[in-house]
Amino acid sequence: MFTGIVQDQCEVIEKEIVDGVCRMTVDLGDHAEGLQLGASVANNGACLTAAKIDGGIVRFDVIGETLSLTNLADVEVGDRVNIERSLKFGDELGGHILSGHVSGTAIVSEIEVDGDNRTMWFDVEPEHMRNLLWKGWISLDGASLTISRVDRDANRIAVSLIPETLERTTLGRAEPGTRINIEVDAQTQTIMHAVQELFRDESLRAQVLGQA
Numbered sequence: 001m002f003t004g005i006v007q008d009q010c011e012v013i014e015k016e017i018v019d020g021v022c023r024m025t026v027d028l029g030d031h032a033e034g035l036q037l038g039a040s041v042a043n044n045g046a047c048l049t050a051a052k053i054d055g056g057i058v059r060f061d062v063i064g065e066t067l068s069l070t071n072l073a074d075v076e077v078g079d080r081v082n083i084e085r086s087l088k089f090g091d092e093l094g095g096h097i098l099s100g101h102v103s104g105t106a107i108v109s110e111i112e113v114d115g116d117n118r119t120m121w122f123d124v125e126p127e128h129m130r131n132l133l134w135k136g137w138i139s140l141d142g143a144s145l146t147i148s149r150v151d152r153d154a155n156r157i158a159v160s161l162i163p164e165t166l167e168r169t170t171l172g173r174a175e176p177g178t179r180i181n182i183e184v185d186a187q188t189q190t191i192m193h194a195v196q197e198l199f200r201d202e203s204l205r206a207q208v209l210g211q212a
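Residue 117 in full-length UniProt numbering sits at position 117 of the sequence shown; the count goes up by one each step and never skips.
Encoded structure:
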């Protein structure tokens with residue numbers, strides 16, 4: 001479980017495929033302090049398990065499904081990824097509750113610059129749009145952000161980024177065409193799914209509307 005408050009950008013120092021599994025090694029530095037084998041760490045918002053630890057150097061095994069759903073397939077040696085250690089009881093909850101289960105990816109389509117601030121637009125798959133609401137939240141490469149604009153006709157959303165977010169996360173280097181991991185609000189997703197199923201069932205829909 002995570003909060004969407006990115007702790008640092010850490011460098012990928014090795015990446016190789018062994019027996020069909022991608023082994024991605026990241027230099028976590030001081031962020032590896034106290035980390036144990038089997039612990040969860042969010043890399044660009046994707047929850048990965050620490051498979052090997054050597055001081056601050058940590059290896060994560062990334063399976064094919066994760067590579068197909070996330071932008072970790074695009075990450076190369078020398079790139080940096082957003083890192084967040086898992087939430088501990090008693091920690092300050094400054095963002096939103098995240099599972100680290102990436103819903104898919106979105107593409108940066110446009111960046112509006114206004115002084116030090118930026119509004120970043122993302123093209124989103126239609127299947128995810130129904131779960132994205134104005135002033136709702138979304139995780140972008142593991143950073144919990146508020147949706148500032150929604151364009152349902154074009155299947156896109158925007159977030160407004162302050163200088164702190166641009167400096168602390170990989171979003172500061174994103175440009176049009178960049179693929180970004182997204183995680184949508186699980187509660188909204190559950191509610192929307194329930195409503196959708198309700199309106200698929202004609203008899204149940206008739207009962208509900210009749211009572212209303």
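Think of the CB as a built atom: it goes at the ideal place given N, C-alpha and C, for glycine as much as any other residue.
For residue i, three-class secondary structure by DSSP
| i | result |
| --- | --- |
| Asn117 | strand |
| Ala154 | coil |
| Thr49 | strand |
| Arg85 | strand |
| Gly42 | Looking at the sequence provided, one finds Ala at residue 42 rather than Gly. Here Ala42 sits in strand by DSSP. |
| Ser103 | coil |
| Arg168 | helix |
| Glu127 | helix |
| Glu175 | coil |
| Asp54 | strand |
| Asp67 | Looking at the sequence itself, residue 67 is Leu, so the reference to Asp does not match. Helix. |
| Leu140 | strand |
| Asp8 | strand |
| Leu72 | helix |
| Asp30 | helix |
Assigned exposure category for residue i - 16 Cβ within 10 Å defines buried
| i | result |
| --- | --- |
| Ile162 | exposed |
| Arg156 | buried |
| Glu175 | exposed |
| Arg173 | exposed |
| Glu183 | buried |
| Gly177 | exposed |
| Gly115 | exposed |
| Asp141 | buried |
| Asn181 | buried |
| Thr3 | buried |
| Asp30 | exposed |
| Trp137 | buried |
| Val113 | exposed |
| Val77 | exposed |
| Asp74 | exposed |
| Asp54 | exposed |
| Thr146 | exposed |
Whole-number beta carbon distance between residue j and residue i, since they are thought to touch under 8 Å
| i | j | result |
| --- | --- | --- |
| Val102 | Leu69 | 6 Å |
| Met1 | Val12 | Not confirmed; about 24 Å, so no contact. |
| Val159 | Ser144 | Actually they are not in contact, since the Cβ atoms of Val159 and Ser144 sit about 10 Å apart, beyond 8 Å. |
| Asn43 | Leu72 | 7 Å |
| Ala50 | Gly34 | Not really, about 11 Å apart at Cβ, beyond 8 Å. |
| Val26 | Val58 | 6 Å |
| Ser99 | Cys22 | With 8 Å as the limit, Ser99 and Cys22 do not qualify as a contact, their Cβ atoms being about 21 Å apart. |
| residue 217 | Leu28 | Here the chain covers residues 1 to 212 and nothing more, so residue 217 does not appear. |
| Arg179 | Ile107 | 6 Å |
| Ser40 | Ser86 | 5 Å |
Closer than 9 Å to chain B by CB, residue i
| i | result |
| --- | --- |
| Arg59 | The question asks about chain B, but that chain is absent: this structure has only one protein chain. |
*the region 118–132 in contact with the region 144–157 per 3-pair CB rule at 8 Å*: yes
*Could you tell me whether the region 166–180 touches the region 68–85, using the rule of 3 or more Cβ pairs below 8 Å?*
yes
_Whether or not the region 112–126 and the region 59–69 are in contact is what I'm after, with contact meaning three or more pairs of Cβ atoms, one per stretch, closer than 8 Å; do they touch?_
no
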